[in-house]
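In the numbering used here, the protein residues as written are 341 to 737.
No residue lacks a Cβ here, since even glycine has one placed at the ideal position from N, Cα and C.
Data first, discussion second: the structure below is written as structure tokens.
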């Protein structure tokens, strides 16, 4: 069992190291290759659309052919997509890279965690998986810090270097997976396109029915959509907004590392703040309000103070997800847990697609401060409106 946990942690570390290294330089790399802010947003929009369409088929692949093969393909696609990004100089090349990387993400999503749970259960583990996942997440956040710093440094030396290094790390992840991962529990399932289509339709029907009947699920889904919508502009535009303020290209990685630290701090504080408030919906609302307010502040205030406000908005972002995830899981049945978890992970991406297109266009035509002010205002307004509507529905019930 200890070997399974070590393999799980090792896979997460390799994945996080690779992802954080390019996450720090992604937007800057595209801008250096002549893309505008709008074109950069459209490119990321392709990635989100691909995630939506690939999530179900890649999930079915993992169930039919095994989680080990799914994780291995994830590392292989990551290596290929990162190399493609490093050698591409045109939008068509970047689009191809985004689609390959979307395959990597959807092959990985849930497959590694499901492999760890089933492998541990097969060997008699009866411990607390929540505690295990929490510790592994800490490892992932810790690795993001040196990864982001290194990515920014490599970019200052050669714009292609971070992508090539990340591809090498993904290749190591592929070999690590092939050599060490075992699936003692696995029995291959039969599959057909017709059955997969029927299961997808059933998933959609169950999810829509659940959203209609459950006030809590409806509140969480809508909260997630609005948050994903609001943070896309800051995610894509913080580099041109603050690059000069923080000291240039070489400091981008250090800035990204500080974001990871603030998110980790938020995750650490979430349980303690919730214990004091004892009201998940109120806490979710205030997290959203603080995120929106800090985004607006960082849009309106120039210079170092604006960057500090942007840094602070990462804390409520880190607090939001643990509370939201726990509240969601507490209000869905075990029988439909997988279906609803999949639905909850896919639907907010639709908000991301809309946001990337609209905020990219707005930043190009009206500037980043205006775009962030609008995004933050929408989040604050939506958070308060959803909270009041949910309370009203609770009183009627």
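Handout entry: Residues near residue 656 in its chain [Cβ-Cβ closer than 7 Å; skip 5 each side]
Key = 606, 627, 630, 631
Problem - residue 744 classed as buried or exposed, judged by whether at least 16 other C-beta atoms fall within 10 angstroms - result: No answer is possible for residue 744: the residues shown for the chain start at 341 and end at 737.
Problem - residue 718 versus residue 552: straight-line alpha-carbon distance, rounded - result: 24 Å
Problem - Reference residue 707; option with closest CA among 581, 623, 728 - result: 581
Handout entry: residue 557 to residue 602 span [Cα, whole Å]
Key = 28 Å
Problem - Per-residue DSSP class, three states only, for residue 449 - result: coil
Practice task
Output yes or no for whether 8 Å exceeds the beta carbon distance between residue 595 and residue 484.
Solution key: no
Exercise for the section: Report yes if the C-beta distance between residue 423 and residue 481 is below 8 Å; otherwise report no. Expected result: no
Problem - Whole-angstrom distance between residue 380 and residue 478, CA atom to CA atom - result: 30 Å
Practice task
Please name the residue in 635, 384, 690 whose C-alpha comes closest to that of residue 648.
Solution key: 635
Practice task
Could you tell me if residue 344 is buried or exposed, where buried requires 16 or more neighbouring beta carbons within 10 angstroms of its beta carbon?
Solution key: buried
Practice task
Answer yes or no: do residue 364 and residue 491 have a C-beta to C-beta separation smaller than 8 Å?
Solution key: yes
Problem - Cα-Cα separation between residue 664 and residue 699, rounded to whole angstroms - result: 25 Å
Handout entry: C-beta atoms of residue 668 and residue 684 nearer than 8 Å
Key = yes
Practice task
Starting from the C-beta of residue 382, find all residues in its chain whose C-beta is less than 8 Å away, skip the five residues before and the five after it, and write them out in chain order.
Solution key: 696, 697, 700
Handout entry: Rounded straight-line distance, which links the Cα of residue 419 to that of residue 444
Key = 9 Å
Practice task
Only counting runs of 4 or more residues, tell me where the alpha helix (DSSP H) segments fall wholly within the segment 556–623, in order along the chain.
Solution key: 592–617
Practice task
Quick one: using the 10 Å Cβ neighbour count with 16 as the cut-off for buried, is residue 519 buried or exposed?
Solution key: exposed
Practice task
Would you kindly report the start and end of the unbroken alpha helix (DSSP H) that includes residue 355?
Solution key: 342–363
Handout entry: Residue nearest to residue 409 in terms of C-alpha spacing, selected from 448, 690, 728
Key = 448
Practice task
Quick one: using the 10 Å Cβ neighbour count with 16 as the cut-off for buried, is residue 569 buried or exposed?
Solution key: buried
Handout entry: For residue 406, the three-state DSSP class (helix, strand or coil)
Key = coil
Practice task
Reducing DSSP to helix, strand and coil, say where residue 522 ends up.
Solution key: coil
Handout entry: Reduced DSSP category for residue 642 - H, G, I as helix; E, B as strand; rest coil
Key = coil
Practice task
Answer yes or no: do residue 451 and residue 402 have a C-beta to C-beta separation smaller than 8 Å?
Solution key: yes
Handout entry: Check whether residue 561 and residue 724 have beta carbons under 8 Å apart
Key = no
Problem - Three-state secondary structure (DSSP) of residue 441 - result: helix
Practice task
Can you give me the Cβ contacts of residue 434 inside the same chain, cut-off strictly under 6 Å, excluding the 5 residues immediately before and after it?
Solution key: 383, 428
Handout entry: Chain-order list of residues whose beta-carbon lies under 8 Å from that of residue 391 (same chain, five-residue window excluded)
Key = 442, 445, 446, 686, 689
Exercise for the section: With DSSP as the reference, label residue 371 as helix, strand or coil. Expected result: helix
Practice task
Within its chain, find whatever has a CB closer than 7 Å to the CB of residue 646; leave out the 5 residues flanking it on each side and keep chain order.
Solution key: 638
Handout entry: Which of helix, strand or coil DSSP assigns to residue 672
Key = coil
Practice task
Sort 571, 457, 498, 666 by Cα distance to residue 368 and report the nearest one.
Solution key: 498
Practice task
Express the C-alpha separation of residue 371 and residue 567 in angstroms, rounding to a whole number.
Solution key: 25 Å
Handout entry: C-beta atoms of residue 597 and residue 496 nearer than 8 Å
Key = no
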